[in-house]
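Numbering (full-length UniProt numbering), first residue to last: 1 to 600.
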């Protein structure tokens, strides 16, 4: 087209060339239609010839059969007039006719006895084999369910139950008819009350029946075995007759199944490759882009492979999202951003997983394992980033609370991983609490060296008001300790310790788990005791009466007022008071009376 348009000059020549091309296109289409019609007529003619040839083959087969029967009759005819073989054949035919008629009568009698099985006689080749009363029992606890009347045929097993409202011939009501090929009969060992029982495995159910005697059970099992063998023999003869009559037709019967299996495998490979994770593949579409492939794999019976590939895709996406979180700003800001990214994606992935695999227990187990592994990876990274020597306990507490609150979001989807998170953080948190204890006790000893045991001077009334307001918000009313306009009858050391101890208590209570409670009690006891020992040593070394009263007042504030507030906060969280603080108060109760350790 490009070459033709380059040789044309002006619009009229291009329009003329266009009309010429359209005429050629129409002519080509007409020729194609004619060829198709011509071939179609040839196909119809060929089909007619094949049909005519097939009818001639049938006629020839019929003539051969007649010739065969004629030759058989001649061969059985005796010159002396002995007609015994012919009579025997006639008798065999009569016996077969009698069996057919007897079977028809039995089926008819069953129709008269059982209500709701009109199609019983409509199945060709169905033969009655056996019947009897059976007691159905529960396959789990062996409790009696009901009494049934069962019928065994060459192609199926029918159960009925007694018609309580019957006044005529209809003694039973039809319950269910199982195809013989869809069930398996299993003998039940006789243990305890499990006597004379056999089991029917009908996917996805199991039914257990109890016979009256062992001989009755043996007869049922023999009849089932006989019916199974007869059915297999009949199907084998049918297949052999098909192959003998038309080998090409037998091949054509097998070929569609082979082609179907091949297409099934090809489609499965394509879908699995679509879900596979590789560095060159873009994850921009997210899990929504994988919905179609997962749905088709489920329909093809490859749920396990679809689940594994889906979870690998989720891991790859989660890893990519985490890499985008930059280590910027404070530790708390980084942990807040990282935990939000991780658990928001996990919630979204859980939602997509439940949409893709709504009722698969094996896939659900695989998902729980996957979620546990992803949480382990996150906690390992979180511990490396947050639990460092220079990180304060308050910062750690804030980070742990953030991670716990994010992890609780998964509970709305039925996935509770908080226990695993607490277990992973238990050891580093215990170490962090002990480090905080060591730092607090060391600070208490350093402040003790600088303690002059003089009241706290707040320098102005506004400063005093701010001080009282600050400690009132903590839960302490210090108005009774105010003297003058700007003085507090507590030392600066006592006031600073009170504030730091309440912060430590709040951090411990926010970190509280059942496993950490012993360590928390130990930390609270050791830090408080370090301060009380300073008071005890000061009281032992002080001889002036007024100074001893001031020291005793500080001890009373710590052991009564501060401890009362601590026990209140502790019991609000745990439901009971702290035993270690009670023990400490009892051990140092003599300080409330101003008694030195030597006279105590």
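Cβ atoms here follow ideal geometry from the backbone N, Cα and C, with glycine treated the same way. The model shown is predicted, which means the values in this text are computed figures rather than measured ones.
Discussion item. For the ligand NAD, is there any heavy atom lying closer than 7 Å to the beta carbon of residue 301?
Written reply: In terms of ligand content, the structure shown is empty, and the ligand NAD therefore cannot be addressed.
Worksheet item: In whole angstroms, what separates the C-alpha of residue 115 from that of residue 233?
Response: 32 Å
Practice prompt. Within 10 angstroms of the Cβ of residue 242, are there 16 or more other Cβ atoms? Answer buried if so, exposed if not.
Written response: Residue environment: residue 242 is assigned as exposed (fewer than 16 neighbouring CB atoms within 10 Å of its CB, all protein chains considered).
Worksheet item: I think residue 112 touches residue 169, with their Cβ atoms under 8 Å apart; what is that distance to the nearest whole Å?
Response: 5 Å
Discussion item. Starting from residue 479, trace the beta strand (DSSP E) in both directions and tell me its first and last residue.
Written reply: Neither: residue 479 is in no beta strand (DSSP E) and is coded neither H nor E.
Worksheet item: Do the stretch 439-449 and the stretch 525-545 touch if we need at least three Cβ pairs shorter than 8 Å?
Response: yes
Discussion item. For residue 57 and residue 49, what's the separation of their Cα atoms in angstroms?
Written reply: Straight-line Cα distance between these residues: approximately 12 Å.
Item to complete: Could you tell me whether the Cβ atoms of residue 136 and residue 148 are closer together than 8 Å?
Response: yes
Worksheet item: Roughly how many angstroms lie between the CA atoms of residue 22 and residue 34, to the nearest whole one?
Response: 19 Å
Fill in: Length at least 3, wholly inside the stretch 173-215: the beta strand (DSSP E) runs in chain order
183-187, 197-202 and 205-210, all fully within the stretch 173-215.
Item to complete: Would you list the one or two residues that DSSP bridges to residue 575?
Response: In DSSP, residue 575 forms no bridge with anything.
Practice prompt. Tell whether a beta-carbon distance below 8 Å holds between residue 173 and residue 159.
Written response: no
Discussion item. I want to know whether the stretch 289-308 touches the stretch 261-268 - three or more CB-CB distances under 8 Å.
Written reply: yes
Item to complete: Counting only the same chain and skipping the five closest in sequence on each side, list residues whose C-beta sits under 7 Å from that of residue 371.
Response: 346, 415 and 417
Worksheet item: Assuming residue 210 and residue 134 make a contact with CB atoms under 8 Å, what is their CB distance in whole Å?
Response: 7 Å
Discussion item. Quick check on DSSP: helix, strand or coil for residue 485?
Written reply: coil
Discussion item. For residue 441 and residue 324, I'd like the C-alpha separation in whole angstroms.
Written reply: 41 Å
Worksheet entry | Residue environment, residue 52, which counts as buried when at least 16 other CB atoms sit within 10 Å | The residue is exposed, with fewer than 16 neighbouring Cβ atoms inside 10 Å.
Practice prompt. Could you work out which residue in 339, 366 and 595 is closest to residue 380 when comparing CA atoms only?
Written response: 339
Practice prompt. Taking residue 387 and residue 342 to be in contact with their CB atoms under 8 Å, please state how far apart those CB atoms are, rounded to whole angstroms.
Written response: Residue 387 to residue 342, Cβ: 17 Å. No contact.
Worksheet item: What is the DSSP secondary structure of residue 11, counted as helix, strand or coil?
Response: helix
Worksheet item: Under the DSSP definition of a beta bridge, which residues are partnered with residue 153?
Response: BP columns for residue 153 point to 128.
Discussion item. By alpha-carbon positions, which one of 151, 566 and 208 ends up nearest to residue 143?
Written reply: 208
Item to complete: Could you check which residue in 574, 576 and 396 has the C-alpha nearest to that of residue 503?
Response: 396
Practice prompt. Would you mind working out which of 405, 580, 410 and 162 sits nearest residue 354, comparing C-alpha positions?
Written response: In this structure, 410 is the residue among 405, 580, 410 and 162 with its C-alpha nearest to the C-alpha of residue 354.
Fill in: Exposure label - residue 54; buried when at least 16 CB within 10 Å
exposed
Worksheet item: With 16 as the cutoff for other CB atoms within 10 Å, does residue 191 come out buried or exposed?
Response: Taking all protein chains shown into account, residue 191 has fewer than 16 neighbouring C-beta atoms within 10 Å of its C-beta and is therefore exposed.
Fill in: 4-residue-minimum alpha helix (DSSP H) runs that sit fully inside the stretch 387-467, ordered along the chain
393-407 and 418-450
Fill in: For residue 325, the three-state DSSP class (helix, strand or coil)
coil
Worksheet item: Name the DSSP bridge partner or partners of residue 601?
Response: The requested residue 601 does not occur in the structure, where the chain is confined to residues 1 to 600.
Discussion item. Measuring CB atoms only, is the stretch 456-473 touching the stretch 547-562, in the sense that at least three cross pairs come out at less than 8 Å?
Written reply: no
Practice prompt. Assuming residue 453 contacts residue 550 (C-beta within less than 8 Å), just tell me the rounded distance between them.
Written response: 6 Å
Fill in: Residue range of the unbroken alpha helix (DSSP H) whose run includes residue 544
Taken as a continuous stretch (DSSP letters only), residue 544 belongs to no alpha helix (DSSP H), as it is neither H nor E.
Worksheet item: What number of angstroms, rounded off, separates the C-alpha of residue 384 from the C-alpha of residue 518?
Response: 25 Å
Worksheet item: When the Cβ atoms of the stretch 397-409 are set against those of the stretch 502-516, are three or more pairs found closer than 8 Å?
Response: yes
Discussion item. Quick check on DSSP: helix, strand or coil for residue 158?
Written reply: Three-state DSSP puts residue 158 in a strand.
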